[in-house]
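Just so we're aligned: 168 in numbering that gives the first Met the number 0 is position 169 of the sequence shown, and the numbers increase by one with no gaps anywhere.
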Amino acid sequence: MQKIGIYSGTFDPLHEGHLAFALAALEQCELEKVIFIPESSPRGKQNVSPFVMRLKQLTEYLRAYPRLDVHSLKSTRFTVHDTLPELQQQFPQATFTFLVGSDVALGLKDWPDIQLLLKTNTFAIGMRSDQTDEEIERSLEQLNKIYDLTIEATIIHTDKANLASSNLK
């Protein structure tokens, strides 16, 4: 089975923090590749650059990295219910590790259908400088209790944890 990292986000713009996290996840999670999936209509974000422009930027930037790829989904709704089956259909021989920032990891409990994602996939959690490993571990333990699971997650620290797209625009 192929081990693929799935990294979805706005990527507006893509920056060194995204890249450092993806490269660290490749190694620490022993992934064959990481696929960046830009969200066409990110929830809760305003003044986002057009999707086509972000997709082009990602494609050009990541061309230099053979184990990093860009992929777009047919579904414009980024929900577990819509996205996971599409990924499973496109990559039937793969296991997935979802790359999320620590800010996103703390909110996983609020995602509709999150148990579907938690049951069969692993996570790589990129730490931001304003969150601690202990906060993430407590949040994951809550999810374990709620859904009677044992979530596999790798906490990843990089020296680019302070970068944010919102600060670069």
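Don't be surprised by glycine CBs; every beta carbon is placed ideally from N, CA and C. In this text the structure is predicted, and so the values were computed from the model without any measurement.
Can residue i and residue j be called in contact, C-beta distance under 7 Å?
| i | j | result |
| --- | --- | --- |
| Leu148 | Leu105 | no |
| Ile3 | Ala93 | yes |
| Tyr6 | Ala21 | yes |
With H, G and I counted as helix, E and B as strand and the rest as coil, what does DSSP make of residue i?
| i | result |
| --- | --- |
| Thr78 | coil |
| Leu67 | strand |
| Gln89 | helix |
| Phe95 | strand |
| Ile135 | helix |
| Ile150 | coil |
In terms of residues, what are the limits of the alpha helix (DSSP H) holding residue i?
| i | result |
| --- | --- |
| Lys118 | Ile113 to Thr119 |
| Asp102 | Ser101 to Ala104 |
Going by DSSP, what residue range makes up the beta strand (DSSP E) through residue i?
| i | result |
| --- | --- |
| Thr170 | Because the chain in this structure spans residues 0 to 168, residue 170 falls outside the shown range and cannot be described. |
| Val33 | Lys32 to Pro37 |
Who does residue i pair with in a DSSP beta bridge?
| i | result |
| --- | --- |
| Gly16 | DSSP output for Gly16 lists no bridge partner at all. |
| Glu2 | A quick correction: the sequence has Lys, not Glu, at residue 2. Note: Lys2 sits in a beta bridge opposite Thr94. |
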